[in-house]
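Asks: Submitted below is the structure of interest, expressed as structure tokens.
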Amino acid sequence: MAEDIIGNYRLIKCILTGQSTQVWEVVEVQSHRHFAMKQLLPDKIHDSEARNTLYHEAAVGREMTHPNVIRIAYVSNESLHHYFCMEYFPSGSLKTRLVQKNYDFLREHAHSIFKQAATGLAYVNAGGWVHCDIKPDNLLVNSKGELRLIDFAIAERVRAAPGFFGRLFQRKKHVQGTRSYMSPEQIRGHYLDGRADIYSYAATLYELTTFRPPFRAATQQELLQKHIIEKPVSPVAYCPELTSEFGDLVLRCLAKKREDRPESFHDVLKALNQIRIYKNDPVRDKVSGES
Numbered sequence: 000m001a002e003d004i005i006g007n008y009r010l011i012k013c014i015l016t017g018q019s020t021q022v023w024e025v026v027e028v029q030s031h032r033h034f035a036m037k038q039l040l041p042d043k044i045h046d047s048e049a050r051n052t053l054y055h056e057a058a059v060g061r062e063m064t065h066p067n068v069i070r071i072a073y074v075s076n077e078s079l080h081h082y083f084c085m086e087y088f089p090s091g092s093l094k095t096r097l098v099q100k101n102y103d104f105l106r107e108h109a110h111s112i113f114k115q116a117a118t119g120l121a122y123v124n125a126g127g128w129v130h131c132d133i134k135p136d137n138l139l140v141n142s143k144g145e146l147r148l149i150d151f152a153i154a155e156r157v158r159a160a161p162g163f164f165g166r167l168f169q170r171k172k173h174v175q176g177t178r179s180y181m182s183p184e185q186i187r188g189h190y191l192d193g194r195a196d197i198y199s200y201a202a203t204l205y206e207l208t209t210f211r212p213p214f215r216a217a218t219q220q221e222l223l224q225k226h227i228i229e230k231p232v233s234p235v236a237y238c239p240e241l242t243s244e245f246g247d248l249v250l251r252c253l254a255k256k257r258e259d260r261p262e263s264f265h266d267v268l269k270a271l272n273q274i275r276i277y278k279n280d281p282v283r284d285k286v287s288g289e290s
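Residues 0 to 290 in numbering that gives the first Met the number 0 are what the sequence shown spells out, letter by letter.
Put into structure tokens, the structure is as follows:
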């Protein structure tokens with residue numbers, strides 16, 4: 000990129016390029032502090048949908064102040080550049096760890112990672128938001144096992160269940176999300192609450208412990224149908240080292256009906272505190288006195 004300064008930030012290196020945005024490591028010129036900048040790609044500057052999505056992500060993220068949620072530092076109002084800056088968190092995503100087959104790291108930090116993700120999501124849901132896109136790609140973890148939740152691009156406000164007339168005249172909304180992790184109600188375009196995130200969280204835990212998603216299919220439509228109608232196999236079947244109580248928790252969180260899942264992430268955390276993930280889990284052995 001010819002221009003190496005945008006606003007008050009000097010571009011250092013490109014971290015990630017997506018369909019409509021790029022993420023850069025940047026340094027604030029005056030303070031010399033490092034941040035991560037998410038900006039629209041040049042060919043998307045005049046795309047109103049891409050702009051709205053970027054600023055929606057920034058606006059939702061600005062409401063969040065939690066150690067397990069990435070912090071938004073600055074949102075641009077410039078006409079030539081559309082971007083926001085967030086906490087610089089040198090790390091990789093859990094998806095990167097999976098692709099690199101960094102299985103020992105995932106197993107060693109599993110309990111801490113799962114609790115941090117649930118804690119961050121409990122905060123997000125309590126603030127009135129459903130993330131709507133929980134997956135390994137959107138969970139950053141550094142070498143110490145510290146976690147940050149990112150990407151509120153398609154987050155929605157928590158909505159109460161509609162009454163009879165509301166259901167009668169309810170319009171089916173445009174469905175967004177990542178197919179391998181979407182809850183049945185999200186696929187159907189129904190109203191969402193925190194239990195939709197619990198489903199996606201469980202699908203993520205499933206993949207992080209078995210190294211495969213709960214469902215696989217030849218086509219995208221078949222995959223969505225499996226989320227709606229097919230009962231998942233216990234993760235213990237693919238990883239016998241997992242405890243049966245962890246397998247049961249994951250399956251409960253993957254229930255087709257939201258009413259059959261834990262009510263909130265506080266319930267998920269309570270359950271995690273009472274079980275081991277692996278039968279010979281060294282992390283749980285160290286904190287066996289935890290209540």
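We treat Cβ as the ideally placed atom computed from N, Cα and C, and that holds for glycine. These figures come from a predicted structure and were not determined experimentally.
1. Could you give the C-beta distance for Phe88 and Ile69, rounded to a whole number, given that I count them as a contact under 8 Å?
2. Taking Lys278 and Glu244 to be in contact with their CB atoms under 8 Å, please state how far apart those CB atoms are, rounded to whole angstroms.
3. Determine whether the beta carbon atoms of Val123 and Glu155 lie at a separation below 7 Å.
4. Looking only at its own chain, which residues have a Cβ that is under 8 Å from the Cβ of Ile227, when we skip the five neighbours before and after it?
5. Can you check DSSP and say which residues form a bridge with Leu139?
6. For Thr20, which beta-bridge partners are listed by DSSP?
7. Is Ile149 buried or exposed, if buried means 16 or more other CB atoms sit within 10 Å of its CB?
8. Which word fits Phe164, buried or exposed, when buried means at least 16 other C-beta atoms lie within 10 angstroms of its C-beta?
9. Please state the DSSP three-state secondary structure of Val157.
10. For Ser142, which of Ile112, Gly6, Asp136 has the nearest alpha-carbon?
11. With 16 other CB atoms within 10 Å as the buried threshold, where does Asp3 fall?
12. Could you have a look at Arg50 and say whether DSSP puts it in helix, strand or coil?
13. For His66, does the count of other Cβ atoms within 10 angstroms reach 16, so buried, or fall short, so exposed?
14. What three-state label does DSSP hand Ala72 in the structure shown?
15. Could you tell me how far apart the beta carbons of Leu15 and His81 are, in whole angstroms, since I believe they sit closer than 8 Å?
16. Take His33 and list the residues in its own chain whose beta-carbon comes closer than 6 Å to its own, dropping the five residues that flank it on each side.
17. Rounded to a whole number of angstroms, what is the C-alpha to C-alpha distance between Ile274 and Phe264?
18. If you run the structure through DSSP and keep just helix, strand and coil, what is Gly288?
19. Between the C-alpha atoms of Asp192 and His31, what's the straight-line distance to the nearest angstrom?
20. Excluding the five sequence neighbours on either side, which residues of its own chain have a C-beta within less than 8 Å of the C-beta of Gly212, listed in chain order?
21. Which residues in the same chain as Ser233 place their Cβ atom closer than 7 Å to its Cβ, once the five residues preceding and following it in sequence are excluded?
22. Give me the residue from Asp132, Asn137, Leu271, Thr208 with the minimum Cα distance to Ser90.
23. Assuming the contact rule is C-beta atoms closer than 8 Å, Leu268 and Thr118 should be a hit. Round their C-beta distance to whole Å, please.
24. DSSP three-state label for Ile228, please.
25. Assuming Leu139 and Ser92 form a contact by the criterion Cβ under 8 Å, report the distance between their Cβ atoms to the nearest whole angstrom.
26. Taking C-alpha atoms, which residue in Arg9, Leu146, Pro41 lies nearest to Ser19?
Replies: On the basis of the data shown:
1. The residue labelled residue 88 in the question sits at position 89 within the sequence shown. The residue labelled residue 69 in the question sits at position 70 within the sequence shown. About 6 Å separates the CB atoms of Phe88 and Ile69; that is less than 8 Å, so the two are in contact.
2. Position 279 of the sequence shown, counted from the first residue, corresponds to residue 278. Position 245 of the sequence shown, counted from the first residue, corresponds to residue 244. The beta-carbon separation of Lys278 and Glu244, rounded to 10 Å, does not stay under the 8 Å limit for a contact.
3. On the sequence shown, residue 123 is found 124 positions in, with the first residue counted as 1. On the sequence shown, residue 155 is found 156 positions in, with the first residue counted as 1. At the C-beta level, Val123 and Glu155 stay beyond 7 Å of one another.
4. One-based indexing of the sequence shown puts residue 227 at position 228. Excluding sequence neighbours, Ile227 sits near Pro183, Ile186, Arg187, Lys255.
5. Sequence index remark: in the sequence shown, residue 139 carries index 140 (1-based). DSSP links Leu139 through a beta bridge to Ser92, Arg147.
6. As a first step, residue 20 is located in the sequence shown; it is residue number 21 there, counting from the start. Partner(s): Leu39.
7. Mapped onto the sequence shown, residue 149 falls at position 150. Counting Cβ neighbours within 10 Å, Ile149 comes out buried, since at least 16 surround it.
8. On the sequence shown, residue 164 is found 165 positions in, with the first residue counted as 1. Confidence in Phe164 is poor, its pLDDT being 42 and thus under 50, which makes the residue's placement too unreliable to answer from.
9. Start at 1 with the first residue of the sequence shown, and residue 157 comes out as number 158. Assignment of Val157 by DSSP, reduced to helix, strand and coil, places it in the coil class.
10. As a working mapping, residue 142 is identified with position 143 in the sequence shown. Closest in C-alpha terms to Ser142, from the list Ile112, Gly6, Asp136, comes Ile112.
11. For this step, residue 3 is matched to residue 4 along the sequence shown. Looking at its Cβ environment, which holds fewer than 16 other Cβ atoms inside 10 Å, Asp3 is exposed.
12. Against the sequence shown, residue 50 aligns to sequence position 51. DSSP places Arg50 in helix when its eight states are reduced to three.
13. By 1-based counting over the sequence shown, the position of residue 66 is 67. Reading off the sequence shown, one finds Pro at residue 66, where the question assumed His. Its Cβ having fewer than 16 others within 10 Å, Pro66 is exposed.
14. Taking the first residue of the sequence shown as position 1, residue 72 is located at position 73. It is a strand residue.
15. Position 16 of the sequence shown, counted from the start, is the residue given in the question as residue 15. Position 82 of the sequence shown, counted from the start, is the residue given in the question as residue 81. Contact flag wrong, Cβ pair sits at about 17 Å.
16. Along the sequence shown, one-based indexing puts residue 33 at 34. Closer than 6 Å at the Cβ level, and outside the excluded window around His33, lie Val26, Tyr87.
17. Sequence index remark: in the sequence shown, residue 274 carries index 275 (1-based). Sequence index remark: in the sequence shown, residue 264 carries index 265 (1-based). Straight-line spacing of the CA atoms in Ile274 and Phe264 works out to 15 Å.
18. As a first step, residue 288 must be located in the sequence shown, where it is residue number 289. Because the pLDDT at Gly288 is just 36, under 50, the model does not fix this residue reliably, and the point stays unresolved.
19. The residue you call residue 192 lines up with position 193 of the sequence shown. The residue you call residue 31 lines up with position 32 of the sequence shown. Looking at the two C-alpha atoms, the distance is approximately 40 Å.
20. Taking the sequence shown and counting its residues from 1, one reaches residue 212 at position 213. In the sequence as presented, Gly is not what sits at residue 212; that position holds Pro. Taken in chain order, the residues that qualify are Ser179, Tyr180, Ala202, Tyr205, Glu206.
21. What you label residue 233 is simply residue 234 of the sequence shown in a count that begins at 1. Correct list, in chain order: Gly246, Leu250.
22. Within the sequence shown, the letter at position 91 stands for residue 90. Looking at the Cα atoms, Asn137 is the closest of the given residues.
23. Here residue 268 corresponds to residue number 269 of the sequence shown, with the count starting at 1. Here residue 118 corresponds to residue number 119 of the sequence shown, with the count starting at 1. Correct: roughly 7 Å between the Cβ atoms.
24. On the sequence shown, residue 228 is found 229 positions in, with the first residue counted as 1. Correct three-state label for Ile228: helix.
25. Working through the sequence shown from its first residue, we reach residue 139 at position 140. Working through the sequence shown from its first residue, we reach residue 92 at position 93. With 8 Å as the limit, Leu139 and Ser92 qualify as a contact, their Cβ atoms being about 6 Å apart.
26. Start at 1 with the first residue of the sequence shown, and residue 19 comes out as number 20. Checked all of Arg9, Leu146, Pro41; the closest Cα to Ser19 is Pro41.
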